[in-house]
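To get our numbering, take the position in the sequence shown, counting from 1, and add 8.
Quick notes on the structure that follows.
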Amino acid sequence: MTDLITQPFPFSAFLLAGGIGSRLKTVVSDRPKPMALIGDQPFLEILIESLAQKGIQRIVLLTGYMSEHIETFAHKYRSSDISIEISRETTPLGTGGAVKNAQQFATNPTLLVNGDTYFDADIARLFEFHNKTDAIVTLSLCKVPDVSRYGSVLLKPSGMIQEFQEKSEISDGPGLINAGFSMVSYDLISNLPDNKVFSMEKDIFPSLVSSGSMYGLEQTGAFFDIGTPHSYAEFIDFIYSRQKRCF
Numbered sequence: 009m010t011d012l013i014t015q016p017f018p019f020s021a022f023l024l025a026g027g028i029g030s031r032l033k034t035v036v037s038d039r040p041k042p043m044a045l046i047g048d049q050p051f052l053e054i055l056i057e058s059l060a061q062k063g064i065q066r067i068v069l070l071t072g073y074m075s076e077h078i079e080t081f082a083h084k085y086r087s088s089d090i091s092i093e094i095s096r097e098t099t100p101l102g103t104g105g106a107v108k109n110a111q112q113f114a115t116n117p118t119l120l121v122n123g124d125t126y127f128d129a130d131i132a133r134l135f136e137f138h139n140k141t142d143a144i145v146t147l148s149l150c151k152v153p154d155v156s157r158y159g160s161v162l163l164k165p166s167g168m169i170q171e172f173q174e175k176s177e178i179s180d181g182p183g184l185i186n187a188g189f190s191m192v193s194y195d196l197i198s199n200l201p202d203n204k205v206f207s208m209e210k211d212i213f214p215s216l217v218s219s220g221s222m223y224g225l226e227q228t229g230a231f232f233d234i235g236t237p238h239s240y241a242e243f244i245d246f247i248y249s250r251q252k253r254c255f
């Protein structure tokens, strides 16, 4: 689904781009995972262009491993309409620590995006739903045929998140997963612990379920996680097929 944007969104997007990408190293070893090439174009560029087309003009790249590759790449946007900032972690902090480290760039809310995930999310609808429910966090969810690789998310009829099920707790089968696009309130970011190593997905999000302030919105659209050689190849095929259709 493609958003129809009449003006830019009033919030920033944090792109989590600091991971090592150990599962992908057999095919991408000379650069950080978000810089994996899709043809002659880095995955990160495809992700930034997708966000810009949907109305995101302020992007913060949360970097760590081989950050210099991403920082050099970001120079190409210096004269564009897209504002790119860099928040570099000097030691690995996990996704949660990286978000806290970037607090100076946060807005209310902030869109949190996995730097190795492509999802054609309806950001306008996600933003509207987040405001309507007055949530602390709203996850964009997508349905996949096999949740065993990701873990699953169970929702109440209201859209409130009922439970996170870890990969080790579930068997193969269809279900909803966190698609890597989250609306996060500034208050949550400001209350995260300083100088700690922790995960948003494993440590913070599950702890919010009982508060009743965490919601999920199921969305349709193309979803790809390039974290493994197989899924990386699948995304290359997807982009190639889309380009062929355009011509």
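Note that CB positions come from ideal geometry on N, CA and C, so glycine has one too.
As the structure is a computational prediction, the values presented were derived from the model and not from experiment.
Per DSSP, cross-strand counterpart(s) of residue i
i      : result
Val161 : Phe172
Glu226 : Leu149
Asp190 : Per the sequence presented here, residue 190 reads as Ser, with Asp not at that position. Its beta-bridge partners are Leu120 and Leu147.
Tyr126 : Phe232
Gly183 : Val152
Gln49  : Ile46
Ala25  : Thr71
Rounded C-alpha distance that separates residue i from residue j
i      : j      : result
Phe232 : Ala129 : 12 Å
Pro117 : Gly188 : 16 Å
Ala60  : Phe17  : 10 Å
Phe255 : Met74  : Its pLDDT being 42, under 50, Phe255 is placed unreliably in this model, and the coordinates cannot settle the point.
Gln227 : Glu53  : 23 Å
Gln170 : Cys150 : 16 Å
Phe137 : Arg31  : 34 Å
Gly229 : Leu162 : 19 Å
Gln112 : Asn122 : 19 Å
Ala62  : Glu177 : First, the amino acid is wrong: residue 62 is Lys here, not Ala. Roughly 36 Å separates the two Cα atoms.
Asp245 : Thr236 : 14 Å
His83  : Met43  : 14 Å
Ile234 : Ile56  : 15 Å
Pick from the options that is closest to residue i, judged by C-alpha positions
i      : options                           : result
Arg96  : Ile46, Phe19 and Leu23            : Leu23
Ile67  : Glu174, Ala25, Gly235 and Asn139  : Ala25
Lys204 : Pro100, Leu119 and Tyr240         : Pro100
Asp195 : Met168, Cys150 and Val145         : Val145
Met191 : Phe206, Gly105 and Phe213         : Phe213
Pro71  : Ile28, Leu45 and His83            : For the sequence presented, residue 71 should be read as Thr rather than Pro. The residue with the shortest Cα to Cα distance from Thr71 is Ile28.
Phe172 : Ala143, Pro42, Arg86 and Glu209   : Glu209
Lys140 : Ala21, Tyr223 and Gln49           : Tyr223
Pro153 : Ile56, Lys164, Asp180 and Phe81   : Asp180
Ser193 : Pro201, Ile178 and Ser221         : Ser221
Gly159 : Tyr248, Arg250 and Asn186         : Asn186
Gly105 : Ser87, Arg86, Pro201 and Gln49    : Pro201
Ser219 : Lys33, Asn122, Met43 and Asp142   : Asp142
Glu76  : Pro40, Gly47 and Gly102           : Pro40
Tyr248 : Phe81, Ile46 and Val36            : Ile46
Val217 : Tyr240, Ile234 and Lys164         : Lys164
Lys108 : Ile234, Glu79 and Ser207          : Ser207
Thr115 : His83, Ser198, Ser58 and Ser88    : Ser198
Ala241 : Ser20, Val35, Ala21 and Phe19     : Val35
Thr80  : Ser88, Ile94 and Asp89            : Ile94
Arg133 : Tyr126, Asp124, Thr125 and Leu119 : Leu119
Any non-hydrogen atom of the ligand ZN within 6 Å of residue i CB
i     : result
Thr34 : Summarising the ligand content, the structure contains no ligands, and the ligand ZN is consequently not present.
Distance between beta carbons of residue j and residue i, contact taken as under 8 Å
i      : j      : result
Leu225 : Gly167 : 6 Å
Point to revise | Secondary structure, alpha helix (DSSP H): runs of 4+ residues fully inside the region 45-99 | key: 51-61 and 75-82
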